[in-house]
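Asker: Dropping the structure in here first, questions after.
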Amino acid sequence: MSDSDDVKTRLLEAAKTHVPFDGWSETTFRAAVQEAEVEPGLAKAVCPRGAIDLALAYHEQGDMEMIRRIEETDMSEMRFRDKVATAVKLRLEAAEDKELVRRGMTLFSLPHHAMDGAQALWRTCDRIWTALGDSSDDVNWYTKRATLSGVYGSTVLYWLGDDSEGQERTWEFLDRRIGDVMQFEKVKAQAADNRFVSGLMKGPLSFLNKIKPPNGPGQTGMPGRWSGSG
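Numbers 12 to 241, taken from this note's numbering, label the letters of the sequence shown in order.
So this is what it looks like as structure tokens:
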């Protein structure tokens, strides 16, 4: 861990006790700086946007914990839909406190922070697909992540309001949403076998086959690349 990462971690840990009361705000950031005994100038250098950077660091921390839990979970006998559901469940269980997530949702619902929230959500879904071994190298790379983003985002909102024992209603909701997605994938597969649709893919819609995912480190939230071959 670099020195800047260490400082950010200290600030984040100090901020967590204040977020339920003051949100991911400047008030929280100032309190974290004081309690973590970090020089204000250094704190601003590490977190130029203050609590916004800490909120993103909290989300990143949850993603890393999710990956650790996925790696420790034996999914070899699971259907693929169950693997996806398990990964989403592990991500939600990695959150220490619903209120920290709720406050983050409030922050990233603001128009001027919406892009940060969307990128964080996309990265989470990209990490789930990557951890589950996705090897798609075309437009499906995007559709998989976009679809899972919808499933994950709606499940988080449901989870925040769920007071059922063991979050059972949330897991039932998640299963229904993934069931809807799998039905859509079935329709896609049937369409691919249809001569008319497959003809479109070779003709007017053939440009979709030229869309490629990002191919550089740290580019999971960026547009892909266009392949002129084929």
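We treat Cβ as the ideally placed atom computed from N, Cα and C, and that holds for glycine.
Keeping to the same chain, check which residues put their C-beta closer than 8 Å to that of THR38; ignore five residues upstream and five downstream.
Answerer: HIS29.
Asker: Round the Cβ separation of LEU111 and TYR69 to the nearest angstrom and send it over; I've been treating them as touching at under 8 Å.
Answerer: Sure, about 6 Å apart at Cβ, within 8 Å.
Asker: Would you mind reading off the limits of the alpha helix (DSSP H) that contains HIS124?
Answerer: Careful: HIS124 lies outside any alpha helix (DSSP H) and carries neither H nor E.
Asker: Roughly how many angstroms separate the alpha carbons of THR97 and PRO122, rounded to a whole number?
Answerer: Distance between the alpha carbons of THR97 and PRO122: 31 Å.
Asker: Let me check understanding here. Comparing Cα to Cα, which of ARG60, LEU101 and MET193 lies closest to ARG79?
Answerer: Ranking the options by Cα distance to ARG79, first place goes to LEU101.
Asker: If you follow the alpha helix (DSSP H) that THR158 is in, where does it begin and where does it stop?
Answerer: Start and end: 150 to 171.
Asker: Roughly how many angstroms lie between the CA atoms of THR117 and GLU107, to the nearest whole one?
Answerer: Roughly 17 Å separates the two Cα atoms.
Asker: If the criterion is Cβ atoms closer than 8 Å, does the pair VAL162 and LEU103 meet it?
Answerer: In this structure, LEU103 does not lie closer than 8 Å to VAL162 by Cβ.
Asker: Applying the criterion that 16 or more other CB atoms from any shown protein chain within 10 Å of the CB defines a buried residue, is ARG60 buried or exposed?
Answerer: The residue in question, ARG60, is exposed, as its Cβ has fewer than 16 Cβ neighbours within 10 Å.
Asker: Which stretch, first to last residue, makes up the alpha helix (DSSP H) that contains ALA106?
Answerer: First-last for ALA106: undefined, no H or E at that position.
Asker: Report the CB separation of LYS223 from ASP149 in whole angstroms; it is logged as a contact under 8 Å.
Answerer: Right, their Cβ atoms sit about 7 Å apart.
Asker: Between ARG113 and the rest of its own chain, which residues show a CB-CB distance below 7 Å, the 5 nearest in sequence each way excluded?
Answerer: So the list reads LEU171, once near-sequence residues are dropped.
Asker: Please report the distance separating the alpha-carbon of ALA42 from that of THR135.
Answerer: Computed Cα separation, rounded: 29 Å.
Asker: I'd like to know whether the C-beta atoms of ARG138 and ASP33 end up nearer to each other than 8 Å.
Answerer: Result no, Cβ atoms of ARG138 and ASP33 do not sit closer than 8 Å.
Asker: Report all residues from its chain with a CB closer than 8 Å to the CB of LEU53; omit the five preceding and five following residues, and keep chain order.
Answerer: So the list reads VAL18, once near-sequence residues are dropped.
Asker: In this structure, does DSSP put PRO242 in helix, strand or coil?
Answerer: What the structure shows of the chain is the stretch from 12 to 241, and residue 242 is not part of that stretch, so it cannot be assessed.
Asker: Whole angstroms are fine: how far does the CA of ASP14 sit from the CA of GLU24?
Answerer: Roughly 15 Å between the two C-alpha positions.
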